[in-house]
Structures are given as structure tokens and as C-alpha cells.
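Peer 1: Numbering (the numbering used here), first residue to last: 1 to 338.
1. Quick one: grab the DSSP three-state call for residue 33.
2. Taking the Cβ atom as the reference point for each residue, do residue 150 and residue 183 lie within a distance shorter than 7 Å?
3. Does the stretch 83-95 come within contact of the stretch 62-70, defined as at least 3 CB pairs closer than 8 Å?
4. Let's test the definition: count the other Cβ atoms within 10 Å of the Cβ of residue 81 and tell me whether it reaches 16, buried, or not, exposed.
5. Considering only their Cβ atoms, is the gap separating residue 83 from residue 109 smaller than 7 Å?
6. Along the chain, where does the alpha helix (DSSP H) containing residue 149 start, and where does it finish?
7. Could you tell me the boundaries of the alpha helix (DSSP H) in which residue 52 lies?
8. Measuring straight from C-alpha to C-alpha, what distance separates residue 297 and residue 78?
9. What does the alpha-carbon distance come out to for the pair residue 238 and residue 256?
10. Between residue 313 and residue 24, what straight-line distance do the alpha-carbon atoms span, to the nearest angstrom?
11. Can you give the Cα-Cα distance for residue 186 and residue 55, rounded to whole angstroms?
12. Return the chain-ordered ranges of every beta strand (DSSP E) run that is complete within the stretch 229-307 and spans a minimum of 3 residues.
13. Just to confirm, are residue 207 and residue 192 a CB contact at a threshold of 7 Å?
14. Starting from residue 62 and walking both ways along the alpha helix (DSSP H), at which residues does that stretch end?
15. Is it a yes or a no for the stretch 256-271 touching the stretch 283-302, going by three-plus beta-carbon pairs under 8 Å?
16. Which full runs of the alpha helix (DSSP H) of 4+ residues lie inside the stretch 101-170, going along the chain?
17. Quick check on this structure: which residue in 175, 221, 199 has the alpha carbon closest to the alpha carbon of residue 188?
18. What is the C-beta distance between residue 142 and residue 173, in whole angstroms, given that I count them as a contact (C-beta under 8 Å)?
19. Going by the C-beta, is residue 32 closer than 6 Å to any heavy atom of the ligand GDP?
20. Is residue 292 closer than 7 Å to residue 339 when the C-beta atoms are compared?
21. Could you check whether residue 154 and residue 134 sit closer than 7 Å to each other, using their CB atoms as the reference points?
22. Out of 265, 245, 236, 294, state which residue places its alpha-carbon closest to the alpha-carbon of residue 277.
23. Might you give, ordered along the chain, the residues of its own chain that have their beta carbon closer than 7 Å to the beta carbon of residue 28, omitting 5 neighbours on each side?
24. By a C-beta neighbour count over all protein chains shown, 10 Å radius and 16 as the cutoff for buried, is residue 105 buried or exposed?
25. My assumption, with CB atoms under 8 Å, is that residue 250 sits in contact with residue 281. Please give the rounded CB distance.
26. Buried or exposed: where does residue 320 fall if 16 or more other Cβ atoms within 10 Å of its Cβ makes it buried?
27. Cβ of residue 333 within 7 Å of Cβ of residue 30?
28. Roughly how many angstroms separate the alpha carbons of residue 295 and residue 74, rounded to a whole number?
29. If we ignore side chains and look at the alpha-carbon of each, how far apart do residue 329 and residue 42 end up?
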């Protein structure tokens, strides 16, 4: 009932000519809807549901919001059912004294929802029953370590850690394994660091891959590898942007250089190219703006918004483009909700 009263109030405000208040409410509705879509796309369904609930409380007839609200409700309900099923499966195996299988199920539940029922207590009870297995895994890991089978030893340590995450023995043995593998990978890591310092990222990647093949859990090397790949990607994007600039594909080049600048300040000559492109593209603002108006008058709101986005990319403070873009977005939201 409350939702309908809110909607009637909005209608009365609009019909009485209080357009500023009406616009504020519509803007709020649209803003929450867009937030809901962003959270939905990120699969953060709890936050998405909260936003769609707000939209529907403002406008109970907003079809798109109602559609996504139903989808998020269904997903959250199914998720709860799945967690409950896994939890009950854990109880089933625990009752039959199959503690490891029970523990595996309870750990899945904890990962998805740490506060689900008494799952933490169930995990502790299973771990107590598996103390003997922890000792056996550690003993096997130590034997493998002495034989120089460090990868296999580490695998046993990982399994032992499942039974006792804070166990001193498992932590100590993992440190020793890391030290031994560090000695084996030292020369390759040294080469990788050298090539990285010289900005020869592809050669650095070659050596880092060898390091990680020998020592798959070397977090430092994995982090540098990710940074190398990022720099290689940036370099490719930069070269592509330069090519587009030379081919006089100015707007595309501007987008590419802007992307680079947002993610890495002062990358090569990015700032210099952006300054040049702004001076060139200023001449095109009128063309993009007028083309947007032409689309707007034909009710082609998406196409109009695309053109005004080009204007705002060049001049973020272009008042007319900002104004008409907002209007087009509002009309598009209303059109899509019908």
C-alpha cells in the first residue's frame, strides 16, 4: 500500500506542475536502477536487490526494475537452498563418521556464507576427529621433503593444513620447502629481475614462467609476472593508439590514450599525444553535438547519448551536452520501463 501511495504522490506532483521535484525523484529512481544493474552485473545480488527494492518503492510500475528484482530474489533463494543442501550433506556424512567428506562440505558452506547456522562449530568438531590424519599427512610430507620431493611434500602440507590451518609443524615445513625451491629458482628470478629493470618484459616473462614451474607458490614472482603482462598489454595499446593517431583516427586514438592515462600516469608520451588530440578534436565538438541533437529529435536516444559522450570525452564541462544527455537518459529509462 505504501508503494502505491508514493507513486500517487509522484503523479500528483507531476500533474500539479512541480517539475523540479518530479525530476529529482525520477533522477533518484534512475540512479538507483543503474546502481542495481552495476551490482547485478558484478554478481553482487544482495546489493542489487537492495537497489531494485528502492526503485520499485519509488515507482511500482517500473517494469525493468521489477524484472531484475524477481531475478535477484530467485537467485538469492536458490543460493540459500544450495547452501542448506550442502550443509545437510555435511551433517549426513558427519553422522556416519565420514569426517573428511563432512569437513569438505562444511568448508564450502563457510566460504560462501561464513555465518551460516553453526557451520564454524561443525568444522571444529570434524577437525578434532581428524587429528590423526593431520599427523599422518605431516609425517608423509617430512619424508618427501627429506627425499628432495618438494612439490609432493608441499601438496601433503596443503592437505594437512585443511585439518589444522594454524598448525606450527605445517607452517614450519612450508617455509623450509619455500627456501629449497627458492635456491632452485634463484638464477631464473635474477634474470627476470634484470630484464624487468631494462623494460624487456617479454624476456622477464619467459624466466618468471620457469620460476613458477619449479616453484608454483612463489607469490612474489607471480605478482611480477602479472605486472609484466600488464605492461606488455599497455605497450601494445600504446602502439595501437600511436598508429591510429598517424592514420588520423583521432577519436579512437583519444579513447585509447585516455584508457592508458587512467591506469598509468605519465606512460611514455601519452600526455603529449592527449594534448595534441584535444586541440584537434575541439574542432569536431560541434559536429558530434549536432549529430546527437539530430538523433535526439528522432527519439534515437542511445545514438544521441553516444554522440554526446564523444563531446564530453573532449570537454567534460560542455553544459548543453550534459543537459541533453541527462534528458536522453531519462527518456530512455522511461521508454524501456514501458
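We put the beta carbon where it would ideally sit given N, CA and C, even for glycine.
These figures come from a predicted structure and were not determined experimentally.
Peer 2: Reading off the structure:
1. Residue 33 falls in the helix class under three-state DSSP.
2. Contact flag unset, no.
3. In short, these stretches do not touch, since the Cβ pair count stays below three.
4. Per the 10 Å Cβ criterion, exposed.
5. For residue 109 and residue 83, yes; Cβs fall inside 7 Å.
6. Looking at the DSSP string, residue 149 is not in any alpha helix (DSSP H), and its letter there is neither H nor E.
7. Unbroken alpha helix (DSSP H) run through residue 52: 45-58.
8. C-alpha separation (whole angstroms): 45 Å.
9. Their backbone Cα atoms lie some 7 Å apart in a straight line.
10. Here the alpha carbon of residue 313 sits roughly 26 Å from the alpha carbon of residue 24.
11. Cα-Cα distance, rounded: 57 Å.
12. Those beta strand (DSSP E) runs which fall completely within the stretch 229-307 and span 3+ residues do not exist here.
13. Yes, they are a contact pair.
14. Careful: residue 62 lies outside any alpha helix (DSSP H) and carries neither H nor E.
15. With a cut-off of 8 Å, the stretch 283-302 and the stretch 256-271 do not count as touching, because too few Cβ pairs lie within range.
16. If we require 4 residues or more, the alpha helix (DSSP H) runs fully inside the stretch 101-170 come out as 119-129, 131-146, 150-163.
17. It is 221.
18. Going by Cβ atoms, the distance from residue 142 to residue 173 rounds to 7 Å, so yes, they are a contact pair.
19. As far as ligands go, the structure on display features none, and thus does not contain the ligand GDP.
20. Nothing about residue 339 can be read from this structure; the chain reaches only from 1 to 338.
21. When the beta-carbon positions are compared, residue 134 and residue 154 stay at least 7 Å from each other.
22. Restricting attention to 265, 245, 236, 294, the CA atom closest to the CA of residue 277 is found in 245.
23. Taking C-beta separations shorter than 7 Å and ignoring five residues to either side along the sequence, the partners of residue 28 in its chain run 58, following chain order.
24. Using a 10 angstroms sphere on the CB of residue 105, the tally of other CB atoms reaches 16 or more, which defines it as buried.
25. With a Cβ gap of about 6 Å, residue 250 and residue 281 count as contacting.
26. Per the 10 Å Cβ criterion, exposed.
27. Pairing residue 333 with residue 30 gives a Cβ-Cβ distance under 7 Å.
28. Cα-Cα distance, rounded: 38 Å.
29. Computed Cα separation, rounded: 22 Å.
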